[in-house]
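J.: Chains as they are written, first to last, in this note's numbering: chain L, 1 to 672; chain C, 1001 to 1672. Glycine residues also receive a C-beta, built at the ideal position from the N, C-alpha and C atoms. Here it is: the structure, laid out below.
Protein chains: 2
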Amino acid sequence: MKNTRFFGKLGSLILGLGFVPLNQASVVEAEAAFENLMPVPQEVKIGQGEFRVGKEFGISIGADASSRLLSASSRFLRRLDGRTGLFLQQDYVEAGEAHEAPGLEIATERAGEVVLGEDESYRLDISAEGIRLAASTDLGAMHGMETLLQLLNADDKGYYFPVSKINDAPRFPWRGLMIDSARHFMPLDMIKRNLDGMAAVKLNVLHWHLTEDQGFRAEVKSFPRLHEMGSDGMFYTQDQMREIVVYAAERGIRVYPEFDVPGHATAWLVGHPEMASMPGPYEIERGWGIFDPTLDPTNERVYEILEAVFTEMAAIFPDEYFHIGGDENEGHHWDASEHIQAFMKERGIADNHALQSHFNKRILKVLTKLDKKMIGWDEILQPDMPTNIMIHSWRGRDAMVAAAKDGYTSILSNGYYIDLMQPASDHYLVDPLPSDIELDAEQRKRVFGGEATMWSEHVTNETVDSRIWPRTAAIAERLWSAEEINDVEDMYRRLDTISIQLEELGLTHIRNREMMMRRLVGGYDVKALRTLADVVEPLKIYRRNSDLSYRSFSPYTLLPDIAVADAKDARKFNTLVDGFLKTKHKADEAAIRLMLERWVDNHVAFEQITEGAPALREALLLSKALKELSEVALASLNGKEVEADAVLTRAREPVAKVELQVVDAVERILTR
Amino acid sequence: MKNTRFFGKLGSLILGLGFVPLNQASVVEAEAAFENLMPVPQEVKIGQGEFRVGKEFGISIGADASSRLLSASSRFLRRLDGRTGLFLQQDYVEAGEAHEAPGLEIATERAGEVVLGEDESYRLDISAEGIRLAASTDLGAMHGMETLLQLLNADDKGYYFPVSKINDAPRFPWRGLMIDSARHFMPLDMIKRNLDGMAAVKLNVLHWHLTEDQGFRAEVKSFPRLHEMGSDGMFYTQDQMREIVVYAAERGIRVYPEFDVPGHATAWLVGHPEMASMPGPYEIERGWGIFDPTLDPTNERVYEILEAVFTEMAAIFPDEYFHIGGDENEGHHWDASEHIQAFMKERGIADNHALQSHFNKRILKVLTKLDKKMIGWDEILQPDMPTNIMIHSWRGRDAMVAAAKDGYTSILSNGYYIDLMQPASDHYLVDPLPSDIELDAEQRKRVFGGEATMWSEHVTNETVDSRIWPRTAAIAERLWSAEEINDVEDMYRRLDTISIQLEELGLTHIRNREMMMRRLVGGYDVKALRTLADVVEPLKIYRRNSDLSYRSFSPYTLLPDIAVADAKDARKFNTLVDGFLKTKHKADEAAIRLMLERWVDNHVAFEQITEGAPALREALLLSKALKELSEVALASLNGKEVEADAVLTRAREPVAKVELQVVDAVERILTR
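Right, here's the structure in full:
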């Protein structure tokens, strides 16, 4: 058994299924067929042999199969056919269909409910004669089909699934992605294709952030000025939101909305300035940051409108949870308002935290009446709040631990802020519930899982997928697979494969890059730009807009939007350098030299493309810095003494909102 | 003045605007700034100098500007900003906005009506101090903004618009694209992005083909079994169709529906078998071809349902035209039906043509009552039909000429069947109304224009854009620009540029190719596949499915789906060979050799990728044929006598539903 593979970490992996003992070569070969699973299942038993897929392959399914499962089965066939080009004969899978030729047999006990805690387990049994997928619910069966598609392999005889038994279930019941459709509006199609992506990596919750200072994105029939005046015409109709709920449920995904109050609420105030703590008028916010406009917790009109909005939304989103945000209200407008100050004094409300609690308790009543559980960001956790609210932790795991000790349920997003452009490895190693966490068994049960959060200050429909994917697949694995599955290099290897498969679902994270490069270059030859883009990453955390250059309508079409969080060639180079410094292998050195020489040569080519592309000229400095950096590295490899401090300093300088990701590695070469 | 450019054909082009006479060098330089216009405007006067675009650039607009024009203006700013990265300061353009810095001033007289024959003209006046766009209607102004975006240029000082005056208006009032959403369902997003593409090349009609044997795609509230049972769940709700009508109107595009009757109607009969000429039951058709199921023209129930459907649709589609199809009804089920034969005999209806006329006259009454003009394919033109119907000619221009002589209005689609995968040049040279056509002035007025037709047998949402674009831009130019604009090489050159710009609107015709290749290869290195794909084209006309291998759920993910109608490298090679054979230039020969050598070398690389990709193995023969072909060409260039008949024959053989496009050129090399 090889320890370098992820299977090495899976205690439950059993080789030599059945009675056939595998020799070492067979083990390696058999393991290879399982290399692309993501998230890694709880238990994989690898056998010997294959189930061969031909055009006669088809699905048999019970007479009581849910319509959702039938649709999912047909989609499975189309994706399998799309990858293999087999011209499968079976068209739409029908309930009670007994497919004649060997294929996939699906057995479920019942249609699952798309609610927190539903059974999502499944068992796959692939033999040379056929495949059996069994699950309590159709939700589990759908997860099993995604696993099966990841098991598709090919050899000189054609396509096959490897003989094996898989027993799988999620580690956490709440595995989410938050999409912020408010700061930058995201068209319906973006939500749909991302729901498909989520299903592929077994995520099961879409948290839909619908209001912000920059936009109110939900149609409200009782108070239409909210969306009409607060959205620049970019909002979801109620029919469209219902469409998303149905689309998600078809894929086993819960959808719950967030209406962020009392802060982050400027867009509400454009149509309803009477809700504000300070007199209006208000305009839709075009900048990024934390803003002062805040709902007035002393005003009954505010609760009237909130109740109307929540009541309409509760009818659209059947999920039991409802997110009220509650974050980052700094209370400046409360401090500045005479009548609010008087209200606090009169009621003995000590400070703004207590006032926000007062507000939260009022809306908790509304939500309770609507049969909804309230969830909000850390800040809603105030001493006097009841424990039937859920804490969504963006500030850190400590807050979550404290909440769990105090009896609150929670989910984690701190560490999963994919908008901050950190590498996948950073997110991957954040565990909501590490084994050494200081919680007892009862308290641990209160940690439901986590959510990747796609805040949309710096993304548009064109770029957003490349911020969500493929990194969110790594977070999905963290939330599904065992804690021990944590080999970063192996995660990255699998991420490369899953990333290609995700685009089959309509996601655009790879393909849009080239399109954006063609637009900037104004032509088809984007090689020099790609070479540079593959070694830079956008400024991380909150540095990208530290100069406040961006507003909501700014162009997100430039180098930092083409660059991604895990710069491909930088990662490759850094790995090579690490290996080389350890082993001094000549082959590694040769590969390093090749990359360095390419970067030296690229500068002239990059200069040429910027002649017709002024938008790229700012990046010339970067291209030059890469060239100089490569030159000193090559000189050092050639045994020359080099004075490189100035070069390293220049190469570390952010340019055009990106930074080179190979500087540390070069420094290690220089100081080896 | 250079005659090689398209301006050479434009009698109205005037160089040296104002008082500054241009010298020859200035002329060439000035002309270059106009090289990317498509469709070519009616009149371009080129001046000297530039209007420079900086971040202070903005739009001023009248207080009575339509909301449509305001939205279009804001979209213009975002696209300009996306290309230039200037961080324009102006956000959303508002009515009556007087932008302080020099920029674009838009003046319109009124909001245009989105109806046939509306004024779409515009005048652009670009001086070094500012740009003025004037038009009678906002529709014209929107065309002007598209022209302006095509005029964006760059030099070492930055981005600019060249000083010029443009006076423009369409040659034909009806410039359409038909999208068949019935054979393969197309999601809403596909319709929207294509509407944006249409607007970019000044098309103004979407003909929406909504029913077929393979699907009934429109929600019908009065007879819901039509869409519920006839669509596999893939249909447009009435809200969604209204959404498309609004989206299109916002872009100056009319939308009218086609409900194809009495043939092509199997999907109607699944839920309503009583409408059929022969007893049911019926199932949704999964094959391609012409099928026998036909509505029963003797059955009052048929007219009842048709009237209900047409009445609902007439309320959704405000356009004055309504397409009833009427094509390819072979009448076999009429012949076979006793009661239909009895009906004909009783009424003295001589043949099936007359029976179809009887049917058409009945539904003409319905449409007339609904205030709609009937349009149908050639076949609806029967001797006794009134002249207030419009003929949509798919069979040929002769039929259109005959119709015009008989007093019928018409549009042309014969020659614009983009689904048949013919090169753009073929479509480009088809003129609906060539100057030598045998029609008098009055008759000519009856030819309203034409429509590209995207029949969807062999496309899915993933591939359809690559069938529509960029070729439809060439058809758009034919329908907008002067007849004399017909230089094929120049059209292709401009098409390459417009193609890149079209993807900015969300179209996927370039970017999806690489995604499809990655899926098939199962990895990122698709070079060998791309090299092959760039010299093959899908089987043309109706040969692709001559073996009936395709059904509606077949995989459209393979080599013929990756290949496009104008294979890039084949076109380049063929042009090089033509030039070389004429001039024997060494540089051409060297370029030819490079391509041939690359194709020889590609075979080994292609063999390697097929090891993990059985779906591509069928194409090995093709790759080998290309290698052999290249080898004989190289041998011939090296002065060797080669016996190449067998090689040429093999290379001409279709493989994997595609064919090599460089065989004739190689044969010309061999026989030079």
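In the DSSP assignment, find the unbroken beta strand (DSSP E) run with ARG132 (chain L) in it and report its ends.
T.: 130-137 is the extent of the beta strand (DSSP E) around ARG132 (chain L).
J.: Who pairs with HIS392 (chain L) in a beta bridge, going by DSSP?
T.: For HIS392 (chain L), which the question treats as bridged, DSSP gives the partners L:TRP377, L:ILE411.
J.: Would ALA1625 (chain C) and LEU1660 (chain C) qualify as a contact pair, given that the criterion is a beta-carbon distance under 8 Å?
T.: Yes, Cβ-Cβ distance for ALA1625 (chain C) and LEU1660 (chain C) is below 8 Å.
J.: Against chain L, with Cβ distances strictly below 8 Å, would VAL1655 (chain C) count as a contact?
T.: Not closer than 8 Å to any Cβ of chain L, the Cβ of VAL1655 (chain C) fails to qualify, so no.
J.: Compare the C-beta of PHE1185 (chain C) with all C-beta atoms of chain L and state if any pair is closer than 8 Å.
T.: No - not a single Cβ of chain L is within 8 Å of the one on PHE1185 (chain C).
J.: Counting only Cβ pairs nearer than 7 Å, list the residues of chain L close to ASP1091 (chain C).
T.: Those within 7 Å of ASP1091 (chain C) in chain L are ARG286, PHE553.
J.: Could you tell me which residues DSSP pairs with ASN1167 (chain C) in its beta bridges?
T.: Answer is C:GLU1043, C:ARG1123.
J.: Quick test of the definition: if touching needs 3 or more C-beta pairs under 8 Å, does the region 194-203 of chain L touch the region 470-481 of chain L?
T.: Touching, per the Cβ criterion.
J.: Check the Cβ-Cβ distances between ARG511 (chain L) and every residue of chain C, and say whether any is below 8 Å.
T.: It does; some Cβ of chain C falls within 8 Å.
J.: State buried or exposed for HIS1585 (chain C), treating a residue as buried only when at least 16 other CB atoms are found within 10 Å of its CB.
T.: Label assigned to HIS1585 (chain C): exposed.
J.: Taking 8 Å as the CB-CB limit, is ILE179 (chain L) close to chain C?
T.: No, no contact with chain C.
J.: If you follow the alpha helix (DSSP H) that ASN1602 (chain C) is in, where does it begin and where does it stop?
T.: Start and end: 1586-1611.
J.: Taking VAL1201 (chain C) as part of the alpha helix (DSSP H), name the residues at either end of that continuous run.
T.: Per DSSP, VAL1201 (chain C) belongs to no alpha helix (DSSP H) and is neither H nor E.
J.: Going along chain C, which residues have a C-beta under 8 Å from PHE291 (chain L)?
T.: In chain order: nothing, as chain C lies at least about 17 Å away.
J.: Which value, in whole angstroms, describes the spacing of the CA atoms of SER435 (chain L) and ILE375 (chain L)?
T.: Whole-angstrom Cα-Cα distance: 26 Å.
J.: Report the partner residues of ASP155 (chain L) according to the DSSP bridge assignment.
T.: Answer is L:GLY158, bridged to ASP155 (chain L).
J.: Could you tell me which of L:ALA615, L:ALA154, L:GLY54, L:GLN42 sits nearest to PHE172 (chain L), measuring between CA atoms?
T.: For PHE172 (chain L), the nearest C-alpha among the options comes from L:GLN42.
J.: Taking ALA1644 (chain C) as the reference, give the member of C:VAL1459, C:SER1630, C:VAL1655 with the closest Cα.
T.: Per the Cα distances, C:SER1630.
J.: With a threshold of 16 other CB atoms inside 10 Å of the CB of LEU1594 (chain C), please say whether the residue is buried or exposed.
T.: Label assigned to LEU1594 (chain C): exposed.
J.: Can you tell me where the alpha helix (DSSP H) with TYR492 (chain L) in it begins and where it stops?
T.: Counting along the chain, the alpha helix (DSSP H) containing TYR492 (chain L) begins and ends at 488-503.
J.: Rounded to the nearest angstrom, how far is the Cβ of ASN574 (chain L) from that of VAL662 (chain L), given a contact under 8 Å?
T.: So it is a contact: roughly 7 Å between Cβ atoms.
J.: Do you know how far the Cα of ALA1135 (chain C) is from the Cα of ARG1123 (chain C)?
T.: About 6 Å.
J.: When you compare each of L:TYR256, L:LYS361, L:SER127, L:ILE349 to TYR303 (chain L) by their alpha carbons, which one comes out closest?
T.: It is L:LYS361 whose Cα lies nearest to the Cα of TYR303 (chain L).
J.: If we cut at 8 Å on Cβ distances, does GLU1097 (chain C) have a partner in chain L?
T.: Cβ-Cβ to chain L under 8 Å: no for GLU1097 (chain C).
J.: Taking THR557 (chain L) as the query, report the chain C residues whose CB atoms sit under 7 Å from its CB, ordered along the chain.
T.: Correct list: GLY1082, GLY1085.
J.: DSSP three-state label for LEU210 (chain L), please.
T.: Coil, per DSSP.
J.: Give me the Cα-Cα distance between SER1073 (chain C) and ARG1251 (chain C), rounded to the nearest whole angstrom.
T.: Rounded to whole angstroms, SER1073 (chain C) to ARG1251 (chain C) spans 11 Å at the Cα level.
J.: Assign THR1368 (chain C) to buried or exposed, taking buried as 16 or more other Cβ atoms, counted over all protein chains shown, within 10 Å of its Cβ.
T.: Label assigned to THR1368 (chain C): exposed.
J.: Provide the residue(s) that pair with PRO538 (chain L) in DSSP beta bridges, ordered along the chain.
T.: According to DSSP, which records beta bridges pairwise, PRO538 (chain L) is partnered with L:VAL658.
J.: Give every residue of the same chain whose Cβ lies closer than 8 Å to the Cβ of LEU1370 (chain C), excluding the five residues on either side of it in the sequence, and list them in chain order.
T.: Within the same chain, LEU1370 (chain C) has close Cβ partners PHE1310, THR1311, ALA1314, PHE1322.
J.: Determine, using beta-carbon pairs with one atom in the region 1052-1062 of chain C and one in the region 528-536 of chain L, whether at least three such pairs fall under 8 Å.
T.: Because the criterion of three Cβ pairs below 8 Å is not met, the region 1052-1062 of chain C and the region 528-536 of chain L do not touch.
J.: What is the DSSP secondary structure of SER1277 (chain C), counted as helix, strand or coil?
T.: It is coil, neither helix nor strand.
J.: To which residues does DSSP link SER1060 (chain C) through a beta bridge?
T.: Paired residue(s): C:GLU1105.
J.: Can you tell me whether GLN1090 (chain C) is buried or exposed, with buried defined as 16 or more other CB within 10 angstroms of its CB?
T.: GLN1090 (chain C) should be labelled buried.
J.: Near ILE1349 (chain C), which residues of its chain fall below 8 Å by C-beta distance, leaving aside the five closest residues on each side in sequence?
T.: Cβ neighbours of ILE1349 (chain C) beyond the five flanking positions: PHE1343, LEU1355, HIS1358.
J.: Answer yes or no: does any C-beta atom of chain L fall closer than 8 Å to that of ALA1533 (chain C)?
T.: So no, ALA1533 (chain C) is outside the interface.
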